[in-house]
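These protein sequences, in sequence, are chains A and B.
Under this note's numbering, the first sequence has 151 at position 151, and the numbering climbs by one with no breaks.
When you read off a place in the second sequence, starting at 1, and then add 1000, the result is the number in this note's numbering.
Just below is one structure, and these are the notes that go with it.
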Amino acid sequence: MPVFNQSRGRMVQIIFAVVFLVIIGQLINLQLFSVKYKLAAENNAILRKVVYPDRGIIFDHKGRAILENTISYDLVVIPSETKGLDTASLCGLLNIDTAEYKKRIRDLIFKNGYVKPSVFEPLLTNEMFARLNENIYKFPGFSLTERSVRTYPYSAAGNVLGYIREVDTAYLRIHKDEGYQMGDYAGMTGLERYYEKVLMGQRGVKNFIRDNKSRIQGPYENGIYDTAAVAGKNIHTSLDVELQKLGEKLMTNKVGSIVAIDPQTGGILCMVSAPTYNPNYLTGSQNKRHLADLLLDPRLPLNNRGLTTRYAPGSTFKTVVGIIGLTEGVVDLNTSVVCPGYFTGCGTGKPKCLDRGVFQFTNAVAHSDNSYFSTVYKRLLEQNKFPSTDSAIAAFNVYANSFGLGHKLGVDLPFEKTGLIPTASNYYKEFGRKLFPCNLISNAIGQGKVETTLVQLANVMAIIANKGWYYTPHLVDSIEGGDEEGLLDGFKVKRHADSRIPESVFNSVQDGMQAVVEYGTAVRSKIPDIIMCGKTGTVENYAKVNGVMKKQPDHSFFGAFAPRDNPRIAIAVICENSDQGARVAAPIASLIVEKYLRDSIKGKERQAMVEDYTNRVYLPPVMRMAIAKQDSLRKLRENQQLLEQKLNKKESDEGTDEESIGEEPTEPGVTPAAPVKKIPQPKPLPKKKPDTTPAALTNDDRKYKRSAR
Amino acid sequence: MNNRNNTISQGVDWTIIWLYAILVGIGILCIFMVEYRIDSNWLQSFLGGKTNYSKQLIFAGFCAIVATFILLTDSKLFTAFANLLYALGILLMLATFVLGKNINGSKSWIPIGGGFNLQPAELCKIFTALALAKFISRQETDFSKLRSQLIAGLIAAAPALLSILQHELGLALVYSAFLIAMYREGLPAQILIVGSSFVILVVATLILDPDVLAISLTVIAALILLVLRKQAKKSKRLMMLVVGIWLLCVGTQRFVVPYIFNNVLECYQSTRIYSMVGKEYDCSQNKKSERKVGEKAARKPDDYNVRQSKIAIGSGGLTGRGFLKGTQTRGKYVPEQHTDFIFTSLGEAFGFIGCFVFLCIYLLLLFRIVKIAERQRSTFSRVYAYSVASILFFHIAVNVSMTIGLFPIVGIPLPLVSYGGSSLLTFTILIFVLLRLDADRQMVLR
């Protein structure tokens, strides 16, 4: 028993103590001085779940909800809990085959993990929901969860109301300080976009504890850090949804737009853009496919032509020219101008005038005499008080701009175009530094370089109706719970056209415009017992077809307001590539006006007119060709796929060992054997002429074949 | 002295029993924290026997019975059966190679029916402690002799070697704890110093760039020679010694350590050790993994365990998140939290203060055992007591160190606290045999 080793007992204790001290040192380091572990722990375990409030509802003028929320159901699956599932019967209910089922489950596990709930089938249709809801107890791991989706009860005004989509990275980059994150929805077009901040409400946050597999375990700290979601504010618009629906009906199978404004308030009563689409197609389960269809449609149904397309206003612009001419005194009501078939002032024989004769102001408006207004315009630019044409143009533009032309009006919709009231500099390239009035003469009749949006044109009508003042055209009258962002402030300011214009001038123009409907160009659009003032417009236009500029059918324009005394509606209509203004746009406008003023169309004749114009088809030839091309391409693709399928079948019938893995995605159920066109209005498409452009098609065909491989 | 008083409390050290009970209690609470779910009725599940904490409670009850039996036995029994038990232990360990059941990749378990498995390596700790005590306490053993030291070392090394063959590195490491006991009995301190120096050198090799380490070692050697230049001039031997040590160090760092990682250790062990110091280990260098190319490729482990474990402990802060409020524990972020990483639940729930108190309890237990060891009259009891203290110490130090990132992850449970019947039973037997021996400290046992 070596006694000398006794001291080593102490030594052992010291060793123990030292090691424990080292451990405690590391604990101090970890627990007291390292903040990062606490952060890491929170990142690990706390799941911040954003609670989405309901978006605001959009009401029309009469308090009818035109865009609201509804509950839709998603079929949600937790892959780990689907053991012992009767796959075949579920697939039967969902109309998919088991291969598709397995593929989807595999994808979901890959994307979202094995134990987390993932959406198996989003946005079930009502019948699908009913079918599944009865049977859901049979399918372990599957459940139905609610989600709020947008719905358009009237299926109307898609171009105005807009739609919401999931935000993409570009959106996140632009709106980076607004708290969006991947998976959020935001308004992409229309009111949904413009009033995004108002409609979206305030998102709430709930904190949950989650486990290592991201399953939620319960609220964090009993929810003391949670914030509640605040629902989006409802907004009330000046739209009249019935008027909108009538407009959309009348514009069936046409390309163009209708904008009607209440001149007293500037509220937009309807804004039709044709062709339009059923906005509900962009909310359902197939919304992505539908959106793709719409985006690829050559008719560009997603455009809002009332606001984002610039048109040469044609003869409707003569009202403005006339007002300026009378104000400046270059003509008076008694000035007579002769129309020998063309305008004589420039010696070019242009512009032509159709009704030969002698015209004074009222008649010139009534019959839309090109000669007269060319004279007015030429005289305006030749006034002695101006040293040059340039300054005369500038003076003219001061007037024109005061009518809301040549700049954005500030309508509460995104992507508004400015239009163009040309300045001298717009012509330098063409005519050199020294301009002559004759260079610009076609502006007199609203052609040439003058371009307006349809809203601007409707606004001009409102100004004439009001004899010199207007409110900025807008859709939203009020926001429930107050307009905190001041979005509506600009719509409450009364704006005035140039103050030099006396009321008498407006009266004279109104006389002329009344004459247009009473006995002038638009006599057939007269509404019994309503005094409507209007102005037709027929715009020549050209389009590039196969590289050659070709004259297209005229654009049909009509601008009007009614009744003359105490006007309640100002309207502008365009129907592209249809006919003269008096033949298409004017009758459509008159029907809208009547509907608005009387709440219905009176008289058999007028009702027949509704049907007549609804059934007319005015598709621009360029679009017809594009559609025909698209259709024949699709047909080719279908044939190709059918062929491939047949080949595949043969192969599998022959019992080759090779699993056709490459072909698997093209399952027979998915192949659009008869793809349903998702455009709401089934347009009688022009006859398909697959043999007209064989060369072009084979080219594309070859391209397609390559990409199909 | 066969007419011993039969009241079992006679001479028993109650401090140890209290500390033992407290630790087992803490253990059950910790397991409860890990397994607890808000929606479950905890009282019911405590009694139900389905959950781990209720199982641990049952184990504890069983251990109490075993402990009572041990206290009722005669001390001489242990001396008498020490060698026999040791032989049995070795035999059992050999048997695992035949009967072994693969659990978590280590073939060290023998199924004994009823769903229970026996890990002979665990039991062997007790037997080895007894055998070592028996050997050193023999009258003819002179522990100052190298021969005796080698035999003692062999007694400890044999089960360790078998454990390595069973891929249980952690258990094998535990046997190095006996060095401390041997040190107390006269093992030269140099062995401990050299041993720990070697460990430090290995760690330094891992952390530092090989060239930097070589240069710094050279600089240190040069500095020593510079300081001792007068003595070195006089004695060639001193110079040779310094140069020799330098060569040894550099050699170790250059060749021995890479050899150990590439040829001795398994790929996953090397990876774990590297990941602990924040480095990646290239498994393609590992000869062992090369040999097993045909087998299932080892899943590449990363430092997930250590990271989560450090996060859980670190998030506890000074006072902790409170009982049952730890988010990491509730979220099951730390793998194996009820067994090897039980310390993390404590660290998260009770913070630094809780950890400090907990470690103090352990330290108190260790010091108490050392105190008991020193008051023994018989060498057998003393060596055994030191063995118990060393084993406990080694377990605690390694387990806690690995949860806080000071040591690579090896599967070593926290004594008395970690979930597991085998482990609890082993430590119970270890401690209560000690108490039995201590109760008879007046006797001289051989």
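Even for Gly, the Cβ is constructed at its ideal location relative to N, Cα and C.
A quick note: this is a predicted structure, and the numbers were derived from the prediction, not measured.
Terminal residues of the beta strand (DSSP E) in which residue i lies
i, result
"A:G534", "C533 to V545"
"A:L75", "A65 to V77"
"A:P219", "I216 to P219"
"A:C339", "V337 to C339"
"A:C346", "No beta strand (DSSP E) holds A:C346; DSSP gives it neither H nor E."
"A:I574", "I569 to C575"
"A:A228", "From DSSP, A:A228 is part of no beta strand (DSSP E); its letter is neither H nor E."
"A:S143", "F142 to T151"
"A:G256", "G256 to I261"
Three-state secondary structure (DSSP) of residue i
i, result
"A:A392", "helix"
"A:D631", "helix"
"B:K1230", "helix"
"A:F33", "coil"
"A:L513", "One point to set straight first is that residue 513 of chain A is Met, not Leu, in the sequence displayed. Looking at A:M513 - three-state DSSP - the assignment turns out to be helix."
"B:C1355", "helix"
"A:S504", "helix"
"A:G9", "helix"
"A:L269", "strand"
"A:Y377", "helix"
Residue i vs residue j beta-carbon contact at 8 Å
i, j, result
"A:S374", "A:A444", "yes"
"A:N159", "A:S238", "no"
"A:F120", "A:V77", "yes"
"A:R310", "A:T423", "no"
"A:A37", "A:L47", "According to the sequence provided, residue 37 of chain A is Tyr. The question's Ala does not apply to it. Not a contact, by the Cβ cut-off of 8 Å."
"A:I501", "A:T327", "yes"
"A:P414", "A:R165", "no"
"A:G56", "A:I235", "yes"
"A:T365", "A:G512", "The residue you asked about is not Thr; residue 365 of chain A is Val in the sequence shown. Result yes, Cβ atoms of A:V365 and A:G512 sit closer than 8 Å."
"B:F1143", "B:E1185", "yes"
"A:L487", "A:V230", "no"
"A:Q202", "A:I209", "no"
"B:K1101", "B:I1110", "yes"
Start and end residues, alpha helix (DSSP H) containing residue i
i, result
"B:Q1149", "L1146 to L1165"
"B:G1170", "L1169 to V1174"
"B:R1037", "No alpha helix (DSSP H) contains B:R1037, which DSSP labels as neither H nor E."
"B:P1120", "P1120 to S1137"
heavy atom of the ligand PLP below 7 Å from residue i C-beta
i, result
"A:S238", "Of ligands this structure carries none, so the ligand PLP is not represented either."
Chain B contact residues for residue i, given Cβ-Cβ distances below 9 Å
i, result
"A:I34", "Checking the displayed sequence, the identity of residue 34 of chain A turns out to be Ser instead of Ile. K1310 and G1314, listed in chain order."
"A:D226", "Going along chain B, no residue has its Cβ under 9 Å from A:D226, so there is no contact; the nearest lies around 16 Å."
Chain-ordered chain A contacts of residue i [CB-CB under 9 Å]
i, result
"B:L1364", "Neighbours of B:L1364 on chain A: none; closest Cβ ~11 Å, over 9 Å."
"B:L1318", "Q31 and L32"
"B:L1406", "V22, I23 and Q26"
Contacts of residue i in chain A (Cβ-Cβ under 7 Å)
i, result
"B:F1393", "F16"
"B:G1153", "The contacting residues do not exist; B:G1153 stays about 17 Å from chain A at best."
Proximal chain B residues relative to residue i, where beta-carbon distance stays under 7 Å
i, result
"A:Y37", "K1310, I1311, G1314 and S1315"
"A:G218", "I1038"
"A:F20", "L1359 and L1363"
"A:N212", "G1331, K1332 and Y1333"
Closer than 8 Å to chain D by CB, residue i
i, result
"B:S1401", "Absent here is chain D; the protein component of the structure consists of chains A and B."
Interface partners of residue i on chain A, CB under 8 Å
i, result
"B:F1356", "I24 and L27"
"B:F1367", "Q13 and F16"
"B:T1327", "A41, E42, N44, A45, I46, I209 and Y220"
Would the stretch 1426-1446 of chain B and the stretch 1064-1083 of chain B be scored as touching if the rule is three or more Cβ pairs under 8 Å?
-> Cβ pair count under 8 Å is three or more, so yes.
Does the count of Cβ pairs from the stretch 1123-1132 of chain B and the stretch 1385-1405 of chain B closer than 8 Å reach three?
-> yes
Assess, as a yes-or-no matter, whether the stretch 254-264 of chain A is touched by the stretch 453-471 of chain A under the definition of 3 or more beta carbon pairs within less than 8 Å.
-> yes
Count the C-beta pairs between the stretch 581-592 of chain A and the stretch 603-620 of chain A that are closer than 8 Å, then say yes if the count reaches three, no if not.
-> yes
If you pair each beta-carbon of the stretch 513-524 of chain A with each one of the stretch 283-299 of chain A, do three or more pairs fall below 8 Å?
-> no
Check whether the stretch 1365-1372 of chain B touches the stretch 1051-1064 of chain B, taking contact to mean three or more Cβ pairs, one atom from each stretch, closer than 8 Å.
-> no
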